[in-house]
Every structure is written in C-alpha cells, then in structure tokens.
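Asks: Quick one: this structure, given as structure tokens, is what I'll be asking you about.
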Amino acid sequence: MQSIEKNKLFLASCLALLVTSLSFGIRAGIMSKLGTDFELTAGELGTIIATAFWGFPLAIVIGGFIVDAVGMKKLLVMAFVFHLLGIVLTIFAQGYWTLFISTLLIGIANGTVEAACNPLVATLYPDNKTTKLNHFHLWFPSGIFIGTLVVLLFDYLGLNWQIQVGIMLIPTFIYGFLFSKLDFPVTERVASGVSTSTMYKSVTSPLFLFMFICMFGTAITELFTGQWIEMLLKNVTDNSILILTLTTGVMIIGRGVAEPVVHRFSPQGVLVLSAAFAALGLYLLATLTGNSIFIGAFVFGLGVCYFWPTMLGFVSENIPDSGALGLNLMGGAGMFAVSIYTIFMGNFYDQLIMENLPSDANAASTSPEEMNNLLELARTAAGPEVLKVTMVIPIILVVAFIGLNFYMKNKKKVVLA
C-alpha cells in the first residue's frame with residue numbers, strides 16, 4: 404500500500420477515535436448537569452455511564468469475530484451511523500431512558516471504531532505495532548482533553564450542554580467522509596495466511612488469558628477514574644474538571660513519545676511502571692486537597708498513559724496469530740469490566756454519602772440549605788474513599804506485571820538457548 408494512502412487511513416482512524424474520546428470527555432464534564440436537569444441519582448448516572456461500556460464490548464467483540472470476513476471499511480461505516488444517531492439522540496434527550504439509549508448507541512459506535520481501527524493500525528505498521536498503537540491511542544486522551552476544554556469554555560460562555568454534545572458532529576462527518584473515499588487492506592492475519600483455527604487457539608493460550616484478565620484492571624484504573632473524576636472530586640477542588648484536563652494532557656505527551664520509552668523498557672516493563680505510577684496517583688488524588696491535588700493528577704496521568712495501547716501492542720507482538728480477534732477481545736474485556744465496576748461503584752458512592760450524613764439528618768427536620776451543606780460534606784468524604792478502593796487494582800497489577808517480566812525474560816532465554 405502506498406504511503407500516502409496509508410497516512411490517510413491512519414489520519415481518518417485518529418479522527419474516528421477522537422469522536423470516541425470526545426464522547427468520554429464531554430460526558431464526564433456534563434455529568435453533574437445531566438443529574439441536575441433530569442433529577443438523576445448517582446446510581447442512575449452510573450448506569451447511564453455504564454451503557455457506553457456495555458455497547459463498546461458488545462460491538463468490539465462481535466466486530467472482532469466478523470472483521471476478517473466483512474472488512475474494516477463496512478464496520479467503520481456502521482460506526483459512523485451509530486455515532487450520528489447517538490449524538491443526535493443525546494442532544495434531544497428527555498430523561499433517563501433517552502440518555503440510556505443514546506449512550507448505548509455511542510458505546511456501540513465507539514466499540515465498532517476500535518474493532519476496525521486497532522487491527523487496521525496493526526496491519527498498516529506490522530514492524531512497529533506498539534509504538535503506532537500508542538500514537539493512534541494518543542487521540543483518546545486528546546479528545547478527552549479537548550472535550551473538557553469545550554465544557555469549560557462553553558460553561559464560561561453560558562452555552563448549554565446540548566451545544567457541547569453537538570460539537571462531536573463535526574469530526575464525525577469528517578471521518579465518515581474520509582473512510583467512504585479510501586481503499587482498505589485486508590487484515591494482517593488474512594494477509595499472512597494464518598488459519599481461523601490457529602487464531603482461536605491463540606486466544607485460549609495461557610499468556611493471552613493472563614493479559615485478558617489484566618486488561619480488566621488496566622481499563623478500570625484508567626477509564627472509571629476518568630469518567631467519574633469530576634463528580635468524585637468536585638467538592639475537593641473548585642476546578643475538578645481541570646484534573647481530567649491535566650491527566651489527559653500528560654497522556655497525550657506520553658503517548659506521543661512512546662517509541663523511545665517502549666524500546667528502552669520493553670512493553671512489559673512499561674506496564675510495571677504504569678501500574679506503580681497509577682497506584683501512587685490514585686493515592687495522591689484521594690489524599691491531597693486544594694491545588695496540590697493537581698500533583699496527583701500529573702502522576703496518575705503518567706501511570707495510565709501507556710496502559711491501553713501497550714496492552715494491545717504486547718498481545719499483537721507476542722501473540723500475533725490472535726489477529727484482529729485478539730485485539731478486540733482485549734478491548735471488549737476492558738470495557739466490560741469498566742461497565743460492571745461503574746455500576747457497582749455508583750451505588751457504593753451513594754451508600755458512602757448516606758453513611759457520611761449525620762444520623763439525625765433528614766429532610767423533615769433539616770432546612771433545605773442545611774441539608775445541602777450536609778450533602779456537600781458527605782460527598783467530599785465519599786469521593787476520595789471511592790478512589791482509595793480503586794487504588795487496590797493497580798497495586799495488584801504491579802505484582803502481576805512483575806511476574807510477566809520474569810516470564811518474558813525466561814522465555815527469551817529459552818529461545819536463545
């Protein structure tokens with residue numbers, strides 16, 4: 404394939420992922436407004452957020468099974484349609500169920516984008532997969548970064564959240580147009596002649612299953628925290644959405660310079676460092692207050708920066724016969740885990756708020772103003788507690804990835820012997 408065509412495909416893939424990440428960044432920034440406008444509890448908001456993570460694994464896993472047969476172009480046309488429907492329905496949402504359905508549609512679109520684009524990038528750059536997947540996934544934090552700035556700017560201008568959501572239509576139409584005009588290669592597995600039975604055997608290997616399980620933890624650490632950070636810490640600092648802005652800014656820079664980092668430490672070495680920094684970052688976010696909390700955001704951004712693309716790159720490089728199915732099963736595993744964890748922690752957050760209210764506080768005997776103050780104090784205490792519970796996950800991952808490093812070193816010694 405000519406380099407010009409290859410670059411156009413990569414650019415269009417990045418724009419499609421930008422829409423995916425804008426949906427995360429803008430939704431994270433308007434979550435409180437949605438709760439207020441539609442009178443939703445934290446548990447209901449958690450369920451709405453989770454639908455994006457349900458639609459994602461549904462689409463990415465199904466896409467993983469059919470992408471070799473139907474081709475990557477048809478999947479991306481489907482992604483464009485689902486993005487368009489989901490965005491428009493969100494703009495005209497009337498309550499819980501329209502938000503639920505619109506978020507589900509956007510989740511399906513997001514999963515379909517990754518189902519096609521991850522194997523597309525691996526196919527376009529077979530000799531530099533981990534680095535190029537990091538460059539591709541640079542556009543995920545970029546979209547969240549841009550989305551949070553859009554929320555801040557539009558809030559300052561007094562524009563409503565519907566206009567903020569509508570901004571996503573611009574890159575949606577651009578990537579839809581570009582993909583409709585470009586020719587696509589077949590997937591790397593099909594081009595290399597690896598049989599379907601070999602592919603299925605690869606995704607049941609012990610190493611793949613280990614990475615599959617670890618993907619639960621890396622995805623939860625990155626995506627749950629990112630989607631909930633504004634709500635969990637909005638009473639700790641006056642600029643809680645800027646925490647997400649800083650975190651994603653660090654991720655953009657980190658993924659942009661991924662090549663020397665990955666080559667210096669190896670993918671599995673990068674994963675150890677990532678888990679350690681993510682755990683430390685969550686601890687700092689949960690304990691620091693005021694402007695010093697941005698130190699925690701910086702450290703956390705360093706931690707989660709390489710998680711998602713390096714997990715995919717490791718699988719693509721070390722279990723190449725797993726093909727597009729392997730990449731998409733990994734992505735589906737991560738998003739499914741986030742969906743379950745989000746629902747659980749939304750209810751846990753509500754429970755913590757109730758536990759932190761004084762025992763004699765109730766709507767009948769307490770003035771509305773005093774009750775609001777008590778709720779604010781309860782939320783201030785509850786948010787960091789959720790982060791402390793989540794911190795256990797990257798701590799476990801540190802141990803798991805250290806074990807992976809020893810395994811890969813021993814495997815290399817055996818091969819050399």
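For the numbering used here, count along the sequence shown from 1 and bump the result up by 403. Here a beta-carbon is modelled for each residue, glycine too, at the ideal position from N, C-alpha and C. Just so you know, these numbers come straight off a predicted model, no measurement behind them.
Let me check understanding here. Comparing Cα to Cα, which of 775, 756, 808 and 490 lies closest to residue 787?
Replies: Taking only the C-alpha atoms, the option nearest residue 787 is 756.
Asks: Tell me, to the nearest whole angstrom, how far the beta carbon of residue 429 is from that of residue 597; I am working on the premise that it is less than 8 Å.
Replies: Actually they are not in contact, since the Cβ atoms of residue 429 and residue 597 sit about 40 Å apart, beyond 8 Å.
Asks: For residue 618 versus residue 544, is the C-beta distance shorter than 7 Å?
Replies: no
Asks: I need the straight-line Cα distance from residue 570 to residue 785, nearest angstrom please.
Replies: 33 Å
Asks: Please report the straight-line C-alpha distance between residue 718 and residue 611, rounded to a whole angstrom.
Replies: 7 Å
Asks: Do you know offhand how far residue 723's Cα is from residue 527's?
Replies: 14 Å
Asks: Between the alpha carbons of residue 706 and residue 513, how many angstroms are there, rounded?
Replies: 23 Å
Asks: Can you tell me whether DSSP reads residue 442 as helix, strand or coil?
Replies: coil
Asks: State the start and end residues of the unbroken alpha helix (DSSP H) segment that holds residue 720.
Replies: 710 to 721
Asks: Rounded to the nearest angstrom, what separates residue 602 and residue 590 at their Cα positions?
Replies: 13 Å
Asks: Since I believe residue 448 is in contact with residue 546 (beta carbons under 8 Å), could you give me their beta-carbon distance rounded to a whole number of angstroms?
Replies: Contact doesn't hold; Cβ gap of about 21 Å is too wide.
Asks: If I measure Cβ to Cβ from residue 790 and keep anything under 6 Å in the same chain, skipping five residues before and after, which residues do I get?
Replies: 685, 688 and 689
Asks: Under 6 Å Cβ to Cβ from residue 525, same chain only, skipping five residues before and after it: list those, please.
Replies: 532, 591 and 719
Asks: Could you tell me the distance, in whole angstroms, from the CA atom of residue 466 to the CA atom of residue 814?
Replies: Distance between the alpha carbons of residue 466 and residue 814: 32 Å.
Asks: Let me know if residue 820 comes out buried or exposed under the rule of 16 or more other beta-carbons within 10 Å of its beta-carbon.
Replies: Any answer about residue 820 is weak, because its pLDDT of 47 lies below 50 and its placement is not dependable; what the coordinates show is given next. Classification of residue 820: exposed, given that the 10 Å Cβ count is below 16.
Asks: Looking at C-beta atoms only, is the number of pairs between the stretch 532 to 542 and the stretch 735 to 752 that lie closer than 8 Å three or more?
Replies: Counting Cβ pairs under 8 Å, fewer than three are found: no touch.
Asks: Determine the DSSP secondary structure at residue 690, reduced to helix, strand or coil.
Replies: helix
Asks: Near residue 761, what residues of its chain come up, given a Cβ to Cβ distance below 7 Å and the 5 sequence neighbours on each side ignored?
Replies: 777
Asks: Taking DSSP as the reference, what is the three-state secondary structure of residue 750?
Replies: helix
Asks: Considering only the alpha carbon of each residue, which of 649, 421 and 606 lies closest to residue 695?
Replies: 649
Asks: Applying the 10 Å Cβ sphere with the 16-neighbour rule, what's the burial state of residue 463?
Replies: buried
Asks: So, helix, strand or coil for residue 544, using DSSP?
Replies: helix
Asks: Since residue 412 and residue 523 should fall inside the 8 Å C-beta cutoff, what is the C-beta to C-beta distance between them, to a whole number of angstroms?
Replies: 7 Å
Asks: Where does residue 724 sit, in a helix, a strand or coil, going by DSSP?
Replies: Helix at residue 724.
Asks: Quick one: give me the first and last residue of the alpha helix (DSSP H) that residue 481 is part of.
Replies: 475 to 494
Asks: So, for residue 659: in the same chain, excluding its five sequence neighbours on each side, which residues have a beta-carbon less than 6 Å away from its beta-carbon?
Replies: 541
Asks: Alpha carbon to alpha carbon, how far is residue 708 from residue 675?
Replies: So the alpha carbons of these two residues sit roughly 12 Å apart.
Asks: Under 7 Å Cβ to Cβ from residue 534, same chain only, skipping five residues before and after it: list those, please.
Replies: Excluding sequence neighbours, residue 534 sits near 661, 662 and 665.
Asks: Going by DSSP, what residue range makes up the alpha helix (DSSP H) through residue 625?
Replies: Run containing residue 625: none; DSSP gives neither H nor E here.
Asks: Could you give the first and the last residue of the continuous alpha helix (DSSP H) run that contains residue 513?
Replies: 499 to 527
Asks: Given this structure, state the Cα-to-Cα distance separating residue 446 from residue 752, to the nearest angstrom.
Replies: 8 Å
Asks: By Cβ distance below 7 Å, which residues in the same chain neighbour residue 500 in space, the five residues on each side in sequence not counted?
Replies: none
Asks: Taking the CB atoms as reference points, tell me whether residue 824 and residue 710 lie closer together than 7 Å.
Replies: This structure cannot settle anything about residue 824, because the visible part of the chain is limited to 404 through 820.
Asks: Taking the alpha-carbon positions, what's the residue 614 to residue 805 distance?
Replies: 13 Å
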